[in-house]
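First the structure, in the form of C-alpha cells, and then the observations on it.
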Amino acid sequence: MFNPSIQRAPENFLDPAQISEVRAGRRGFLAGALSAAAVAAGSARAQTVTADGAREILELPPHTKGLGQPVAALGYGVPSVHEKNLQRRESPGLTRVSQASVSFCPLQGLFGIITPSGLHFERHHQGWWDIDPMQHRLMVNGSDDTMLKRNMVFTMDDLMRLPSVSRMHFIECGANTGMEWGNVAVPTVQYTHGMLSCSEYTGVPLRTVLEMCGADLKRGKFILAEGADGSSMTRTIPMSLVMSGEVLLAYGQNGEMLRPENGYPLRLVVPGVQGVSWVKYLRRIELGDMPYGTKDETIHYVDLMPDGLHRQYTSIQEVKSVITTPSGGQVLLQKGFHSITGLAWSGRGKVRRVEVSVDGGRNWQPARLQGPVMDKCLTRFNADFSWDGKQAILQSRAVDETGQVQPTYRQLREVRASRSIYHNNAIQSWLLEENGEVKNVQV
C-alpha cells in the first residue's frame, strides 16, 4: 500500500514550489515538507546508483554508531516525531465551541482497517470527561415496575467480572460527509469522510445484563441509553439488536481501556448504527415498550426530506466506500503504476464487492478486498492503476451482502434532495489533474 510516487497532504494542498522541488529531486525537501502541511510518503522516484555508489547507503548514519534509547524510556509508547503530521483535526468555524464539535480521523494516512485509539474521530456535545471508574455506576431499570424483576446498579468491577466478548466494528457519525450534500465543501478525505473509525471493542453483551435483572424480553421492545456527560445524551435502541447479542456494554478498545474522549470508562456499542447511538459515559439503561422520542432522535439526527417532512430513527449506516489514496490534497509525481486503496463498510453486514472507476463511472473494474471481511466492520480494498498523465476521475462503489449498492449523488438527491445533513453515502469522486494534483469534485 506504500506508494513512493504519492505526496501526502493530510490537511492542505502542496503549493507549486514544493511540487517542483520534489519533481526536481532536490535534497532536503522531505525535512521541509514534514514541518509544512504536507508530509512526504517517499522520494519522487528511485535514484539511479552511480559508479561511486549511493551516499545514503555507503556513509553510515549516526544511529548506526552509538547507543539508542533505553528500554521503558517511555512508559507508554508514542508515534515517531517524524509522524507528527498524522493527527485528527478540527474544522475551524464548524461549531461555536469546540466542546460541541468534531475532530476528523486522518484516513489518508492509515493502513489496514483498525484505527489507532489516539486517532479515533471525536464527536462531543458538551465536551469530554475523564471519569473515575471507581465512582462510575450503571443503573438498569424498567419503564414501569413490571418490566424488570429487579432494578440493579453495577460498578465497573461488577461488569468486568461478567463473561465478555471482543469484536471489530466500525463507527460512523450520522453526519459523516454531511458537508458535501449541496456541493463540494472541503478538500481532503480527512474532512469529507473522517468521522469514521474502526476498533476492536471488548465488553459484556447488554442482553446478559438485562437477563440478570429478570427483564421481560417479550414486553420490552426498546431500551433507552443515557450518558453521563453534560448533554444528557439519550437514544432509543430497538430490542431486536439487543436480543441478537451484538449490542455491547464496552469498556475495552484495541486491547486497552477506552480512551476518555471515546467514552471511558463505559460506552454502548451498537454495530452498524450511527455513532450517536453509541452512547458514551453510559450511566443508565431503561427497558420500555415504545420508542422514547428524545430530543436527539426527534429534533436532531433526523433526515430532512424534499417535502419538508423529516424521517426519524433512520439509524442504519448504509453501504459506503471511499478511496483514501490517491485522494484530495495529494499529488502524483510521476506517470505509470499506482496502487489505489480505500475503505468500504455497511451497517447491514459484510461488504460483498467493491468496484473502482478511473473515468468518472463510465467503466468499472473489481477491486481486491483485503481480508478478513467482517460483519459491520471496515474492509480495505486495493486496485491497480496505470496513469498515463491525463486527467482522470477516481471513484469507488461498494455493494454489501444484502445487495444494497452505493448510489451516485444524482440517485441520492432524487430521493433526499440536497438540504439534508445525515446519512450521505454517495459515491466520492477525486479529480486527478494532468499536473498530478488530486481534488474533490462531484459528478
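Under our numbering, think of the first position of the sequence shown as 378, with each following residue one higher. Where a beta carbon is used, it is the ideal one built from N, C-alpha and C, also for glycine. All figures in this text were calculated on a predicted structure; none of them were measured in a lab.
{"Item": "According to DSSP, is N639 part of a helix, a strand, or is it coil?", "Value": "helix"}
{"Item": "List the whole-angstrom C-beta distance separating A760 from I717, where the pair is believed to meet the contact cut-off of C-beta under 8 Å.", "Value": "4 Å"}
{"Item": "Does DSSP classify G551 as helix, strand or coil?", "Value": "coil"}
{"Item": "At 3 residues or longer, and completely inside the region 508-566: list those beta strand (DSSP E) runs for me, N to C.", "Value": "514-519, 529-532 and 542-549"}
{"Item": "May I ask you to list the residues that DSSP assigns as paired with W655?", "Value": "BP columns for W655 are empty, so no partner."}
{"Item": "Per DSSP, R757 forms a beta bridge with which residues?", "Value": "L720 and Q747"}
{"Item": "For E633, collect the residues of the same chain with a Cβ closer than 6 Å to its Cβ; drop the 5 residues on either side in sequence, then sort them by chain order.", "Value": "none"}
{"Item": "Using a Cβ distance threshold of 8 Å, determine whether the region 498-515 contacts the region 635-642, with at least three qualifying pairs required.", "Value": "yes"}
{"Item": "Is the beta carbon of E603 closer than 8 Å to that of T613?", "Value": "no"}
{"Item": "Around the C-beta of H800, are 16 or more other C-beta atoms found within 10 angstroms, so that it is buried, or is it exposed?", "Value": "buried"}
{"Item": "Is S806 buried or exposed, if buried means 16 or more other CB atoms sit within 10 Å of its CB?", "Value": "buried"}
{"Item": "Tell me whether M634 sits in a helix, a strand or coil according to DSSP, three-state version.", "Value": "strand"}
{"Item": "Between the region 744-753 and the region 715-733, do at least 3 Cβ pairs fall closer than 8 Å?", "Value": "yes"}
{"Item": "By DSSP's criteria, Y578 is part of a beta bridge. Which residues make up the other side?", "Value": "R544 and Q630"}
{"Item": "Using CA atoms only, rank isn't needed, just tell me which of Y690, L659 and I434 is closest to P668.", "Value": "Y690"}
{"Item": "Specify the secondary structure class of A413 as computed by DSSP and reduced to three states.", "Value": "Bear in mind that the predicted position of A413 carries a pLDDT of just 36, short of 50, making it too unreliable to give a figure here."}
{"Item": "Given a cut-off of 8 Å, decide if Y628 and T579 are closer than it, judged by their beta-carbon atoms.", "Value": "yes"}
{"Item": "Would you report the Cα separation of V815 and G706, rounded to the nearest angstrom?", "Value": "6 Å"}
{"Item": "Who are the near neighbours of S412 in its chain, counting only those whose CB is closer than 7 Å to its CB and skipping five residues on each side?", "Value": "Because the pLDDT of S412 is 34, which lies under 50, any placement of that residue in the model is unreliable, and the number read from its coordinates should be weighed accordingly. There are no such residues."}
{"Item": "Roughly how many angstroms separate the alpha carbons of L451 and G649, rounded to a whole number?", "Value": "37 Å"}
{"Item": "Considering only C-alpha positions, which residue in the set L587, G489, S494 and Q485 is nearest to M524?", "Value": "L587"}
{"Item": "Quick check: what's the CA-CA separation for H687 versus L583?", "Value": "30 Å"}
{"Item": "Where does the unbroken alpha helix (DSSP H) through E320 begin, and where does it stop?", "Value": "The structure shown does not extend to residue 320, since the chain spans only 378 to 820, so no value can be given for it."}
{"Item": "May I ask you to list the residues that DSSP assigns as paired with A775?", "Value": "V731"}
{"Item": "For P892, name the three-state secondary structure that DSSP assigns.", "Value": "This structure cannot settle anything about residue 892, because the visible part of the chain is limited to 378 through 820."}
{"Item": "Please identify the residue among P749, N740, L755 and I700 whose C-alpha is closest to the C-alpha of G724.", "Value": "L755"}
{"Item": "Between which two residues does the beta strand (DSSP E) harbouring V646 extend?", "Value": "R644 to V646"}
{"Item": "Roughly how far, in whole angstroms, is the beta-carbon of M537 from the beta-carbon of R660, given that I think they are within contact range, below 8 Å?", "Value": "Going by Cβ atoms, the distance from M537 to R660 rounds to 16 Å, so no, they are not a contact pair."}
{"Item": "Residues bridged to T680 by DSSP?", "Value": "It is Asp, not Thr, that sits at residue 680 in the sequence shown. Looking at the DSSP assignment, D680 forms a beta bridge with R688."}
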